[in-house]
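Colleague: Read left to right, the sequence shown gives residues 31 to 187 (this note's numbering).
For reference, the structure I am asking about is given below.
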Amino acid sequence: MKQDTIDPVQATLLPENAGRRHVADIVEFLNQKELSEAVQFITTLPNEWAVEVLDQPDFDLACEVIETLPQDKAVALLEGMSSDRAADILRWIDDPVRGELQHRLSPETRAAISHLLTYPENTAGGLMTTEYVSVPADWTVEQTLVHLREVEASRET
């Protein structure tokens with residue numbers, strides 16, 4: 031994907047400029063691309079940005095991108111994603127690829143995703159998130175925000 035083959039608006043969405051764009055803009059851009067172009071784009075993003083893009087429910091090609099990526103890259107991205115979104119993506123990948131990807135996930139991630147996959151797709155269990163933060167009802171907004179920042183900083187991605 032060369033900058034001189036796309037229009038100036040699309041050029042702002044090139045991987046080297048992605049950090050300056052909102053993730054929704056990137057998803058919208060990729061949803062208009064062929065799978066090969068989306069895969070190429072995702073592989074050039076830093077992992078944290080690729081995870082953010084793949085974590086978006088509106089990204090139509092997420093499953094196909096994960097299937098197409100080299101397994102090491104796919105596993106690294108699945109590890110960084112929210113468990114519920116990773117489970118949604120893996121649900122649509124056929125075996126043996128799904129099994130190979132799950133086998134290569136960390137035990138913690140594999141357990142969370144496997145648990146979510148036991149629920150039928152469109153049930154509350156299949157749609158829920160396993161990642162949440164609970165705080166006492168009497169905390170102030172400031173206390174809650176400080177706690178959220180601490181939790182986020184210590185969270186493994």
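From the three backbone atoms N, C-alpha and C, an ideal C-beta is built for every residue, glycine too.
(1) Determine the extent of the alpha helix (DSSP H) in which LYS103 is found, giving its start and end residues.
(2) For LEU107 and ILE56, I'd like the C-alpha separation in whole angstroms.
(3) Taking buried to mean at least 16 other C-beta atoms within 10 Å of its own C-beta, is GLU180 buried or exposed?
(4) Alpha helix (DSSP H) containing ILE72: first to last residue?
(5) If you draw a straight line from the C-alpha of PRO150 to the C-alpha of ARG121, how long is it?
(6) Are there 16 or more other CB atoms within 10 angstroms of the CB of PRO38, so buried, or fewer, so exposed?
(7) Quick check on DSSP: helix, strand or coil for SER144?
(8) Leaving out five residues on either side along the sequence, give the residues of the same chain with a beta carbon under 8 Å from the beta carbon of VAL105.
(9) Rank HIS177, LEU84, HIS52, THR98 by C-alpha distance to the C-alpha of ALA117 and give the top, closest one.
(10) With distances taken Cα to Cα, identify the nearest neighbour of PHE89 among VAL69, PRO100, LYS103.
(11) Just confirm the distance between the C-beta atoms of SER113 and ALA142, as a whole number of angstroms; I'd bet it's less than 8 Å.
(12) Let's see if you can read the secondary structure: which residues bound the alpha helix (DSSP H) around ASP132?
(13) Can you tell me whether PRO87 is helix, strand or coil according to DSSP?
Modeller: Taking the coordinates as given:
(1) Stepping through the sequence shown from its first residue, residue 103 is reached at position 73. Run containing LYS103: 101-110, per the alpha helix (DSSP H) assignment.
(2) As a first step, residue 107 must be located in the sequence shown, where it is residue number 77. As a first step, residue 56 must be located in the sequence shown, where it is residue number 26. Straight-line measurement puts the Cα of ILE56 at about 17 Å from the Cα of LEU107.
(3) Position 150 of the sequence shown, counted from the start, is the residue given in the question as residue 180. Classification for GLU180: exposed.
(4) Walking along the sequence shown from the start, residue 72 turns up at place 42. DSSP places ILE72 inside the alpha helix (DSSP H), whose first and last residues are 65-74.
(5) Numbered from its first residue, the sequence shown carries residue 150 at position 120. Numbered from its first residue, the sequence shown carries residue 121 at position 91. For PRO150 and ARG121, the distance between alpha carbons rounds to 10 Å.
(6) Here residue 38 is taken as the residue at index 8 of the sequence shown, counted from 1. Note that PRO38 scores a pLDDT of 46, beneath 50, so its modelled location is shaky; the value from the coordinates is reported in the next line. Classification for PRO38: exposed.
(7) On the sequence shown, residue 144 is found 114 positions in, with the first residue counted as 1. Secondary structure of SER144 (DSSP, three-state): helix.
(8) By one-based count along the sequence shown, residue 105 stands at place 75. Closer than 8 Å at the Cβ level, and outside the excluded window around VAL105, lie LEU131, ARG134, LEU135.
(9) As a first step, residue 117 must be located in the sequence shown, where it is residue number 87. Ranking HIS177, LEU84, HIS52, THR98 by Cα distance to ALA117 puts LEU84 first.
(10) Locating residue 89 in the sequence shown gives position 59, where the first residue counts as 1. Cα-wise, what sits closest to PHE89 is VAL69.
(11) Along the sequence shown, one-based indexing puts residue 113 at 83. Along the sequence shown, one-based indexing puts residue 142 at 112. Indeed they touch by this definition, with Cβ atoms about 4 Å apart.
(12) What you label residue 132 is simply residue 102 of the sequence shown in a count that begins at 1. A small fix is needed here, since residue 132 is Gln in this sequence, not Asp. 127-134 is the extent of the alpha helix (DSSP H) around GLN132.
(13) If you number the sequence shown from 1, residue 87 lands on position 57. DSSP places PRO87 in coil when its eight states are reduced to three.
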